[in-house]
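Enquirer: I'd like to ask you about the structure that follows.
Numbering (the numbering used here), first residue to last: 356 to 786.
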């Protein structure tokens with residue numbers, strides 16, 4: 356009796372301590388927005404406020420999995436860049452001065468940006484590459500900062516501000532290659548002055564900053580002849596293709612966000628066709644899987660059952676509780692207009708809730724047998740327009756599962772080049 360009495364006292368003491376210690380979530384649709392603190396504690400959840408937890412534990416655990424030869428330099432780079440970039444992007448802080456923060460295409464958090472930075476770093480610095488020398492490693496780090504902390508900035512003026520801030524934070528001298536910037540490249544230890552860092556990538560083979568223009572290829576008409584399938588190679592499309600290749604090769608979900616007319620959907624479709632048709636190159640003992648493509652278009656009437664049935668039709672039963680595409684294949688699922696499903700009475704989008712369960716656990720419940728089934732060799736790509744005009748805001752926890760890039764509207768020079776190449780091809784066929 357006395358043991359039971361003592362156990363009861365200890366239990367209720369920790370119960371009320373946990374209940375008082377739980378704080379409401381600060382992010383939209385977090386636990387604090389839906390449930391009371393008492394409800395969270397009574398179902399046995401231990402909730403950690405992301406504001407108190409921060410990004411440092413994630414970065415620490417990520418660096419433990421990296422090559423020991425690069426960790427010391429990585430620690431210095433994280434200390435130099437991360438918190439300053441977070442303060443600028445989220446709060447608009449430059450040293451002790453507060454300015455208007457950049458406008459983001461979708462909301463984000465410090466942890467999401469650091470996670471995307473780590474994803475970009477491991478896609479560029481692969482085991483096959485080895486450990487770059489310190490200046491090259493810092494150049495790669497700066498490049499990855501552009502496509503993590505600056506990836507969601509929507510306004511051109513804000514991108515220019517971010518570019519200036521990052522160059523100042525780096526402290527390296529700026530080098531102007533003049534009108535020959537397409538052939539004279541800036542080496543590691545310097546930064547290109549002409550244009551912004553969004554217009555360059557760092558080539559690890561040459562250890563130089565190169566403009567995206569060097570990757571553009573000549574225009575070729577689509578095989579089906581449909582105007583909707585026309586994709587004229589520009590800096591924006593080649594940049595998108597490069598980023599897709601890195602992220603998809605890392606087996607990470609990726610999402611493009613942009614207004615209508617930015618070619619986000621056509622870029623992803625062209626990349627998937629190119630990926631499916633290219634020759635396989637054996638790398639070590641890694642098993643090379645052939646790509647199997649599935650395209651889904653969400654609308655306001657799409658339900659979670661529709662999404663699950665479509666996926667079930669494209670996977671097969673491997674064991675009683677394991678599903679997947681046919682042997683030696685991986686399923687690449689492209690979801691267009693992913694934020695179109697309507698919001699229900701409880702503030703959720705049912706297809707998004709289903710996809711969040713699948714992406715987090717790589718499993719779903721069979722609706723007939725109620726079995727917990729694992730789904731293997733499946734990867735997701737998504738595209739969406741900014742919220743508004745029938746498009747809804749996505750659950751930030753769902754968005755955090757993706758590596759997200761903003762796709763800006765083409766510049767005047769890009770539009771001129773697009774129409775010029777289409778006209779040249781058309782008139783060439785007539786003559």
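Cβ atoms here follow ideal geometry from the backbone N, Cα and C, with glycine treated the same way.
(1) Check for me: the alpha helix (DSSP H) holding residue 628 runs from which residue to which?
(2) Cutting at 6 Å between CB atoms, please list the residues of its own chain near residue 688, excluding the five before and the five after it.
(3) Please give me, in chain order, every unbroken run of the alpha helix (DSSP H) with length at least 4 that falls completely inside the stretch 496–577.
(4) Mapping the DSSP letters down to three states, classify residue 444 as helix, strand or coil.
(5) Does DSSP put residue 756 in a helix, a strand or coil?
(6) For the stretch 750–769 against the stretch 579–594, are there 3 or more C-beta pairs whose distance is under 8 Å?
(7) Determine, using beta carbons only, whether residue 655 and residue 745 come nearer to each other than 8 Å.
(8) Is residue 673 helix, strand or coil by DSSP?
(9) Can you round the beta-carbon distance between residue 626 and residue 599 to whole angstroms, since I take them to be within the 8 Å contact cut?
(10) Determine the burial state of residue 383: buried for a count of at least 16 other Cβ atoms within 10 Å of its Cβ, exposed for fewer.
(11) Taking DSSP's pairing of strands, which residues face residue 731 in a bridge?
(12) Label residue 491 either buried or exposed according to how many other C-beta atoms from any shown protein chain fall within 10 Å of its C-beta, with 16 as the threshold for buried.
(13) Rounded to the nearest angstrom, how far is the Cβ of residue 608 from that of residue 714, given a contact under 8 Å?
(14) What are the start and end residues of each continuous alpha helix (DSSP H) run of 4 or more residues lying completely inside the stretch 682–717, in chain order?
(15) Alpha carbon to alpha carbon, how far is residue 694 from residue 432? Give it in angstroms, no decimals.
(16) Got a sec, what are the start and stop residues for the alpha helix (DSSP H) residue 603 sits in?
(17) Among 674, 657 and 461, which has the Cα closest to the Cα of residue 697?
(18) Report the three-state DSSP secondary structure of residue 612 (helix, strand or coil).
(19) In angstroms, rounded to a whole number, what distance separates the CA positions of residue 412 and residue 770?
(20) So for residue 452, helix, strand or coil by DSSP?
(21) Is residue 564 near residue 547, with beta carbons less than 8 Å apart?
(22) Which residue wins for smallest C-alpha separation from residue 587, given the options 572, 597 and 781?
(23) When we look at the beta-carbon of residue 582 and count the other beta-carbons within 10 Å, is it buried (16 or more) or exposed?
(24) Just reading off the beta strand (DSSP E) that residue 747 is part of, what are its end residues?
(25) Is DSSP giving residue 485 helix, strand or coil here?
(26) Which residue marks the beginning of the alpha helix (DSSP H) containing residue 476, and which one marks its end?
(27) Return the residue from the list 773, 516 and 422 that minimises the CA-CA distance to residue 458.
Expert: Reading from the atomic positions:
(1) Start and end: 619–632.
(2) Exclusion of the five residues before and after residue 688 leaves 649 and 735 as the residues of its chain whose Cβ lies within less than 6 Å of its Cβ.
(3) 511–525
(4) helix
(5) coil
(6) yes
(7) Yes; because the gap between Cβ atoms is below 8 Å, this pair is in contact.
(8) coil
(9) 5 Å
(10) Because residue 383 carries a pLDDT of 38, less than 50, the predicted location of this residue cannot be relied on, and the following value inherits that uncertainty. Residue 383 should be labelled exposed.
(11) DSSP output for residue 731 lists no bridge partner at all.
(12) A residue is called buried once 16 or more other Cβ atoms fall within 10 Å of its Cβ, and residue 491 is buried on that count.
(13) 6 Å
(14) 705–716
(15) 36 Å
(16) 590–604
(17) Looking at 674, 657 and 461, the one whose alpha-carbon comes closest to that of residue 697 is 657.
(18) strand
(19) Cα to Cα, residue 412 sits roughly 44 Å from residue 770.
(20) strand
(21) yes
(22) 572
(23) Under this definition residue 582 is an exposed residue.
(24) That residue, residue 747, is in no beta strand (DSSP E); it is neither H nor E in DSSP.
(25) Note: residue 485 maps to coil in three-state DSSP.
(26) Start and end: 465–479.
(27) 516
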